[in-house]
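Each number in the numbering used here comes from the position in the sequence shown (counting from 1) with 493 added on.
Heads up, the beta-carbon is just placed ideally off N, CA and C, and yes, glycines get one too.
These numbers come from a predicted model, not from an experiment.
A short worksheet on the structure shown next.
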Amino acid sequence: FPLIQGNKDVVLDKIDQIVLSSSLANTMFGSEDPMGKIIRVGQIGAQTSFMVSGIAKDAPINSTVKFDALARMESNPDNRHYAQDWHSNNHNTYVKLAPESDPKAVEQKLISFAKTYFPEENQSSDKTRGIDQFKVVKLQALKDVHFDMAISGGKGAPLPVIYALIGLAIFILLIASINFINLNIARSFGRAKEIGIRKTLGSLKRQIIVQIWSESFFICLLGFVLGLTLISIIIPLFNARFDANIGMENLLAPGFIGILLLIFFTVTLFAGGFPAHKMAGFNLVETLKGKVSGNKKSVFRNVLLVTQFAISSLLICVSVISKKQLDFLRQLPTGFDQEQVFSIPVSSQLNGNKLLDLFRNRVVSYPEVVSVSGSGVNLGKGKDRRTARSVVEWDENGRKISADRMTVDADFLKTVNIPLIAGKEFERTDISNLKNKILISESMSSAIGIENPVGSYFGRNSANAGYEIIGMFSDFSLYSSTSESKPITMHFAGSDPIHYIFVRLQGAGMATAVDKIKEVWKELAPGNEFLGSFLNENVNAWYSNESALTNVFGLASGIAIILSCLGLFAISLLVIELRMKEIGIRLIVGASIESIVLMLCRNFLKTISIALLISLPLAFLVMQKWLENYKDRIQPGIGIFFSCAAAILLIVLVTVGYQSIRAALAKPIISLRSE
């Protein structure tokens, strides 16, 4: 990151030096030179002084690494503890390799490093994967970090979602292009005499192709300009919905404009060129006599129709299954009360422990408030959109134990309504004796192999050296279904920071209680945004990506089926028009209206059935792969696919049936009359 002021070689040589971003420096100092100025950072009452040693250019909007200020890691009071813990995961490590280095070769050298500092992991790996396969230290290219949600902070969209959106755009564009071809070909039979006269007057085939293609070009150009106009209108809505920062400058970048123009010319050449070539090839004499006709069993037309409906059917199945999976995830029991518990994120600038005590004293007397507690992590994803996880690992009687570690305040279980199975939870009357006390989940009891764990010690298997288990609670969902589920240990917060305050409410006046809580917050934390939310909102936010993807697929499948039906309507109109004399003769010789309608619908239903035979197995395979990302998932039954197939066939029957009935009811004399 380039510096505007300061020397990059010495800018952070001292622990008390700090580098500000250009925007933060401007906010704090305005036109005054910030270099050498002293600023105080941290919670009120426990601030650290730093001297401004440099001003950095603001990080780009799309950068994974974002900052307002940069300081040495050693300035963090907890750094001494983290620096000695090889299992600490509180920060990322960046390694710059020499230009001639091979990352794979470096990884191989790191195997011996891993053996030394992670012996437990390597011993277990030796038995299962072989000595040349285990390594717990891996290198990841910086460009790959950008789409790694675990490292980039969980913001943005995972690559599979981005690829899915690009795929949807291509599918819809392909369906629209197929429709354009079919409509142009259908329209060509009405222009047969015009083309014949142009040929008679001396027009060459290439001139007719250019004329017809240029007509298509201008229609596509109109759609292209309209699309760009819609983008400029929709971008602000998109940015607000997905917390994005896309600007028109991104869309006007030369590379992006080049991609758009390439797509535009490819589509116009594909969608306009083929009909133009076909129309220019009409026989001169036949066109002047008005005897141009199309093949009612055109293989190319049927292939286009199969492609259209295969894509549409695939999108409908994907949309239905993703919606069912999302509903299933939202209905999973979490193990805590979602409806009556309110969660409030605490800014890192505030002392959460002191604020919790002040807040509890103010609101506990409200009749709507049952209890108040706090925690270092949230339940679900709150409006601050932060997700933190602390995992601890150790050996217990020869077994490797891995668990999620939570710091909580007194009465946490009661506040969020997590059942206590045995023992007692942390109580305010016993705060002085809670230093080495711990609560564990039911699954944690199974992991350490103790059936009745209350009163037991673990960590070093001796009193005063490990943790004493004073209570056991029911398992609950600390993280979403997409994350690995681990046993849970709860430690009393003490001096550990509280980042979230939980308030359990009751009665019909919860909305009024929330308003009261907001007023108390304004008094106790002036200038800090109130980001409170109920836990059911937080749990739903766990699956915001799935929800957005489901909505997008639902919209895309709706657009796709509408476009496909428009294309089918045009094709059925064309085919029926070509068979009008045949229909007239059949009616004269005694065919019933029902038999005529069945005859006209049969071929279309066969074609669509082929599309379904292609798309349904593909949808099953795609969604099975997608569902593997969830430990809790639905099993799509054959009924879902039959329902989707039945819906598609019904839509086709209605679309084609209308034209067929209309043709069957027409008077035969009209279709049999010759010019």
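(1) Sorted by chain position, which residues of the same chain lie with C-beta nearer than 6 Å to leucine 973's C-beta, five sequence neighbours on each side aside?
(2) Using a C-beta cutoff of 8 Å, does lysine 608 count as contacting chain D?
(3) Could you tell me the alpha carbon to alpha carbon distance between serine 617 and isoleucine 924, rounded to whole angstroms?
(4) What is the DSSP secondary structure of threonine 908, reduced to helix, strand or coil?
(5) Compare the Cα-Cα distances from isoleucine 508 to each of Thr541, Val630, Lys1074 and Gly987 and report the closest residue.
(6) Around the Cβ of threonine 586, are there at least 16 other Cβ atoms within 10 angstroms (buried) or fewer (exposed)?
(7) Taking the straight line between their C-alpha atoms, what separation do you get for leucine 1059 and serine 707?
(8) If we count the other Cβ atoms within 10 Å of its Cβ and call it buried at 16 or more, is proline 946 buried or exposed?
(9) Thinking just about the alpha-carbon of each residue, which of Val512, Thr1005, Asp506 and Val901 is nearest to the one in phenylalanine 560?
(10) Classify glycine 740 as buried or exposed, calling it buried when 16 or more other Cβ atoms lie within 10 Å of its own Cβ.
(11) Exposed or buried, what is glycine 689 when buried is set at 16 or more other beta-carbons lying within 10 Å of its beta-carbon?
(12) Would you kindly report the start and end of the unbroken beta strand (DSSP E) that includes leucine 496?
(13) Considering only the beta carbon of each residue, do glycine 547 and glycine 499 sit closer than 8 Å?
(14) Taking the runs of the alpha helix (DSSP H) that are 4 residues or longer, which of them lie wholly in the stretch 807 to 891?
(15) With DSSP collapsed to three states, give me the class of asparagine 560.
(16) Exposed or buried, threonine 982, counting other C-beta atoms within 10 Å across all chains shown (16 or more means buried)?
(17) Comparing C-alpha positions only, which one of Trp887, Ile804, Val885 and Asn846 sits nearest to glycine 867?
(18) Look at asparagine 910 and phenylalanine 829 and say whether their C-beta atoms are less than 8 Å apart.
(19) Near methionine 566, what residues of its chain come up, given a Cβ to Cβ distance below 6 Å and the 5 sequence neighbours on each side ignored?
(20) According to DSSP, simplified to helix, strand and coil, what is alanine 1157?
(21) Do phenylalanine 969 and threonine 827 come within 8 Å of each other at the CB atom, strictly closer than that value?
(22) Mind checking who glutamate 1030 pairs with in its DSSP beta bridge?
(23) Compute the minimum distance between the beta carbon of valine 799 and the heavy atoms of the ligand FMN, and state whether it is under 7 Å.
(24) Excluding sequence positions up to five away, which residues of its chain have a Cβ less than 7 Å from the Cβ of leucine 848?
(25) Is the Cβ-Cβ distance between valine 870 and tyrosine 950 less than 8 Å?
(26) How many whole angstroms separate the CB atoms of isoleucine 668 and isoleucine 756, which I take to be in contact at a CB cut-off of 8 Å?
(27) For a test of the three-state rule: what should DSSP assign to serine 618, helix, strand or coil?
(28) Could you check the C-alpha separation between lysine 819 and alanine 591 for me, to the nearest Å?
(29) So the candidates are Ser806, Ile750 and Ala1001; which of them puts its Cα closest to the Cα of isoleucine 1101?
(30) Just to confirm the assignment: which complete alpha helix (DSSP H) runs, minimum length 4, are found wholly within the stretch 1125 to 1158?
(31) Quick check on threonine 541: does DSSP put it in helix, strand or coil?
(32) Just confirm the distance between the C-beta atoms of serine 836 and phenylalanine 763, as a whole number of angstroms; I'd bet it's less than 8 Å.
(33) Leaving aside the five residues before and after asparagine 1029 along the sequence, list all residues of the same chain whose C-beta is less than 7 Å from its C-beta, in chain order.
(34) Using DSSP's beta-bridge definition, name the partner residues of phenylalanine 793.
Once the coordinates are examined:
(1) Your numbering for residue 973 matches position 480 in the sequence shown. It should be pointed out that residue 973 corresponds to serine in this sequence rather than to leucine. Once the five neighbours on either side are set aside, the close Cβ partners of serine 973 are Trp1035.
(2) Looking for chain D here will not work: only one protein chain is present.
(3) The sequence position of residue 617 within the sequence shown is 124, counting from 1. The sequence position of residue 924 within the sequence shown is 431, counting from 1. Residue confidence is low: serine 617 scores 46 on pLDDT, short of 50, so the model does not pin down where it sits. Its coordinate-derived value is still stated next. Taking the CA atoms as reference points, serine 617 sits about 40 Å from isoleucine 924.
(4) Taking the first residue of the sequence shown as 1, we reach residue 908 at position 415. Of the three classes helix, strand and coil, the one that applies to threonine 908 here is helix, per DSSP.
(5) Reading the sequence shown from its first residue, position 15 is the one you call residue 508. When only C-alpha atoms are compared, the closest one is Thr541.
(6) Within the sequence shown, residue 586 is the residue found at index 93, counting from 1. Exposed, by the Cβ-count rule.
(7) As a position in the sequence shown, residue 1059 is number 566, starting the count at 1. As a position in the sequence shown, residue 707 is number 214, starting the count at 1. Taking the straight line from one Cα to the other gives about 23 Å.
(8) Within the sequence shown, residue 946 is the residue found at index 453, counting from 1. Result: buried.
(9) In the sequence shown, residue 560 corresponds to position 67, counting from 1. Per the Cα distances, Val512.
(10) In the sequence shown, counting from the first residue as 1, residue 740 sits at position 247. That one is exposed.
(11) By 1-based counting over the sequence shown, the position of residue 689 is 196. Glycine 689 is buried by the Cβ-count criterion.
(12) Translated into the one-based positions of the sequence shown, residue 496 becomes position 3. Run containing leucine 496: 496 to 498, per the beta strand (DSSP E) assignment.
(13) Within the sequence shown, numbered from 1, the residue matching residue 547 stands at position 54. Within the sequence shown, numbered from 1, the residue matching residue 499 stands at position 6. Closer than 8 Å, so yes.
(14) DSSP runs (the alpha helix (DSSP H)) wholly in the stretch 807 to 891: 845 to 856.
(15) In the sequence shown, counting from the first residue as 1, residue 560 sits at position 67. Note that residue 560 corresponds to phenylalanine in the displayed sequence, not to asparagine. Three-state result, phenylalanine 560: coil.
(16) Position 489 of the sequence shown, counting from 1, holds the residue named residue 982. That one is buried.
(17) For this step, residue 867 is matched to residue 374 along the sequence shown. When only C-alpha atoms are compared, the closest one is Asn846.
(18) Taking the sequence shown and counting its residues from 1, the one referred to as residue 910 is at position 417. Taking the sequence shown and counting its residues from 1, the one referred to as residue 829 is at position 336. Yes, these two residues count as a Cβ contact at 8 Å.
(19) Against the sequence shown, residue 566 aligns to sequence position 73. Closer than 6 Å at Cβ, skipping near neighbours: Asn572.
(20) Taking the first residue of the sequence shown as 1, we reach residue 1157 at position 664. Residue state, collapsed to three classes: helix.
(21) Taking the sequence shown and counting its residues from 1, the one referred to as residue 827 is at position 334. Taking the sequence shown and counting its residues from 1, the one referred to as residue 969 is at position 476. Contact flag set, yes.
(22) Position 537 of the sequence shown, counting from 1, holds the residue named residue 1030. In DSSP, glutamate 1030 forms no bridge with anything.
(23) Among the components of this structure there are no ligands whatsoever, and the ligand FMN is therefore not found.
(24) Position 355 of the sequence shown, counted from the start, is the residue given in the question as residue 848. Excluding sequence neighbours, leucine 848 sits near Val839, Leu1017 and Ala1018.
(25) Looking up residue 870 in the sequence shown gives position 377. Looking up residue 950 in the sequence shown gives position 457. Between valine 870 and tyrosine 950, the gap from beta carbon to beta carbon reaches 8 Å or more.
(26) Within the sequence shown, numbered from 1, the residue matching residue 668 stands at position 175. Within the sequence shown, numbered from 1, the residue matching residue 756 stands at position 263. That belief does not hold up - the Cβ atoms of isoleucine 668 and isoleucine 756 are roughly 15 Å apart, past 8 Å.
(27) The count along the sequence shown starts at 1 and reaches residue 618 at position 125. Its pLDDT being 43, under 50, serine 618 is placed unreliably by the model, and the measurement read from it follows with that caveat. If DSSP states are grouped into helix, strand and coil, serine 618 belongs with the helices.
(28) Numbered from 1 along the sequence shown, position 326 holds the residue referred to as residue 819. Numbered from 1 along the sequence shown, position 98 holds the residue referred to as residue 591. The sequence shown places leucine at residue 819, not lysine. Each residue's alpha carbon lies about 46 Å from the other.
(29) By one-based count along the sequence shown, residue 1101 stands at place 608. Per the Cα distances, Ser806.
(30) 1131 to 1158
(31) One-based indexing of the sequence shown puts residue 541 at position 48. Here threonine 541 sits in strand by DSSP.
(32) The residue given as residue 836 occupies position 343 in the sequence shown. The residue given as residue 763 occupies position 270 in the sequence shown. Actually they are not in contact, since the Cβ atoms of serine 836 and phenylalanine 763 sit about 53 Å apart, beyond 8 Å.
(33) As a first step, residue 1029 must be located in the sequence shown, where it is residue number 536. Answer for asparagine 1029: Gln831 and Glu832, listed in chain order.
(34) Along the sequence shown, read from residue 1 onward, the residue named residue 793 stands at position 300. Beta-bridge pairing links phenylalanine 793 to no other residue.
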